[in-house]
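Structure first, commentary second.
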Amino acid sequence: GDSVTQMEGPVTLSEEAFLTINCTYTATGYPSLFWYVQYPGEGLQLLLKATKADDKGSNKGFEATYRKETTSFHLEKGSVQVSDSAVYFCALSDFGDDKIIFGKGTRLHILP
Amino acid sequence: EAGVTQFPSHSVIEKGQTVTLRCDPISGHDNLYWYRRVMGKEIKFLLHFVKESKQDESGMPNNRFLAERTGGTYSTLKVQPAELEDSGVYFCASSHPGGQIFGPGTRLTVL
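Chains A and B supply the protein sequences, listed in that same order. For what it's worth, my numbering labels the leading residue of the first sequence as -9, then goes sequentially. For what it's worth, my numbering labels the leading residue of the second sequence as 1415, then goes sequentially.
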């Protein structure tokens, strides 16, 4: 079945560092890809998404590019802030199927 | 507009007891989903309602779990009897054309 694999955390960085969180997927169809974020004490929020190959999703300085050839959707940010500390989930939704399949989540700590 | 709300935010019960979780979707959203995250694992799909009908319940773990959505508005998820492995965070989401909007979750602890 479909699945998502993302790098294990926690990831600890200093403020203004460059961030990459790796994500790869397995899907039988042509999925849409997502990054969700959960800030402390809050619910899941959609951070960005991409629906077809080579699309780049972006939001709040974060970016991820849908790479069909490597089945990847890595999350990047050029300069992280303390307020980016959260748990990040890579996810997919296969075409024609509403349910979302999530990775295990990566906890990110940003130190001032 | 109000978001997806869930009640309670936390619940601590003993093994064998019954717990009912509630989800209020965004008004007008016909699609409602339940997910859960067991400690350290992925967030997993449980089921999907379209209005009051169960569209997909393939993720429901066993018959101790019962979900309802009478009248196509709010939904409840009952666990009876609860077991230790049911501990986790239960998320509800409702959908609009841009995607699913999640509630804050209910943290369930079974002792």
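Backbone N, C-alpha and C define an ideal beta-carbon position, used for all residues, glycine too.
Residue i to residue j span [Cα, whole Å]
i, j, result
"threonine 2 of chain A", "isoleucine 91 of chain A", "26 Å"
"lysine 112 of chain A", "serine 1441 of chain B", "Given a span of -9 to 102 for chain A in the structure shown, any question on residue 112 of chain A remains unanswerable."
"threonine 49 of chain A", "valine 27 of chain A", "For the record, residue 49 of chain A in the displayed sequence is asparagine; it is not threonine. So the two alpha carbons sit approximately 12 Å from each other."
"proline 1439 of chain B", "leucine 36 of chain A", "16 Å"
"tyrosine 78 of chain A", "valine 70 of chain A", "14 Å"
"leucine 1480 of chain B", "phenylalanine 8 of chain A", "45 Å"
"proline 1495 of chain B", "alanine 1416 of chain B", "32 Å"
"aspartate 1470 of chain B", "arginine 1450 of chain B", "15 Å"
"tryptophan 1448 of chain B", "alanine 1507 of chain B", "6 Å"
"lysine 67 of chain A", "glutamate 5 of chain A", "11 Å"
"tyrosine 29 of chain A", "alanine 76 of chain A", "5 Å"
Chain-ordered chain B contacts of residue i [CB-CB under 9 Å]
i, result
"glycine 19 of chain A", "The contacting residues do not exist; glycine 19 of chain A stays about 16 Å from chain B at best."
"glutamate 66 of chain A", "Correct list: empty, because the minimum Cβ distance to chain B is about 21 Å."
"leucine 36 of chain A", "Gly1512, Gly1513, Gln1514, Ile1515 and Phe1516"
Run of the beta strand (DSSP E) containing residue i, from where it starts to where it stops
i, result
"histidine 1510 of chain B", "1502 to 1510"
"aspartate 1438 of chain B", "1433 to 1438"
"valine 1418 of chain B", "Segment: none, valine 1418 of chain B is in no beta strand (DSSP E) and carries neither H nor E."
"threonine 14 of chain A", "13 to 16"
"leucine 65 of chain A", "65 to 67"
"leucine 77 of chain A", "Note on identity: in this sequence residue 77 of chain A is valine, with leucine being the wrong assignment. First-last of the beta strand (DSSP E) with valine 77 of chain A: 76 to 83."
"glutamine -4 of chain A", "-7 to -4"
"leucine 3 of chain A", "1 to 4"
"alanine 1596 of chain B", "The shown model of chain B, from 1415 to 1525, leaves out residue 1596 of chain B, and the question about it has no answer."
"tyrosine 1449 of chain B", "1445 to 1451"
Residue i: contacting residues in chain A (beta-carbon distance under 7 Å)
i, result
"glutamine 1514 of chain B", "Ile90"
"glutamate 1456 of chain B", "Phe92, Gly93 and Lys94"
"histidine 1462 of chain B", "Asp88 and Lys89"
Residue i, DSSP secondary structure in three states
i, result
"leucine 36 of chain A", "strand"
"serine 48 of chain A", "strand"
"glutamate 1526 of chain B", "In this structure chain B extends from 1415 to 1525, so residue 1526 of chain B is not present and cannot be described."
"serine 1425 of chain B", "strand"
"glycine 1513 of chain B", "strand"
"leucine 101 of chain A", "strand"
"valine 1524 of chain B", "strand"
Listed by chain order, chain B residues near residue i by CB distance under 8 Å
i, result
"lysine 39 of chain A", "Gly1513"
"glutamate 32 of chain A", "Pro1518"
"phenylalanine 63 of chain A", "Simply none; closest approach about 15 Å."
Contacts of residue i in chain A (Cβ-Cβ under 8 Å)
i, result
"phenylalanine 1387 of chain B", "There is simply no residue 1387 of chain B to check, as chain B begins at 1415 and stops at 1525 in what is shown."
"proline 1421 of chain B", "The amino acid at residue 1421 of chain B is misidentified as proline; the sequence shows phenylalanine. Those do not exist, as phenylalanine 1421 of chain B stays about 13 Å from chain A at its closest Cβ, beyond 8 Å."
Contacts of residue i in chain B (Cβ-Cβ under 7 Å)
i, result
"phenylalanine 79 of chain A", "Ile1457"
Per-residue contacts from residue i into chain A (C-beta, under 9 Å)
i, result
"asparagine 1445 of chain B", "Asp88"
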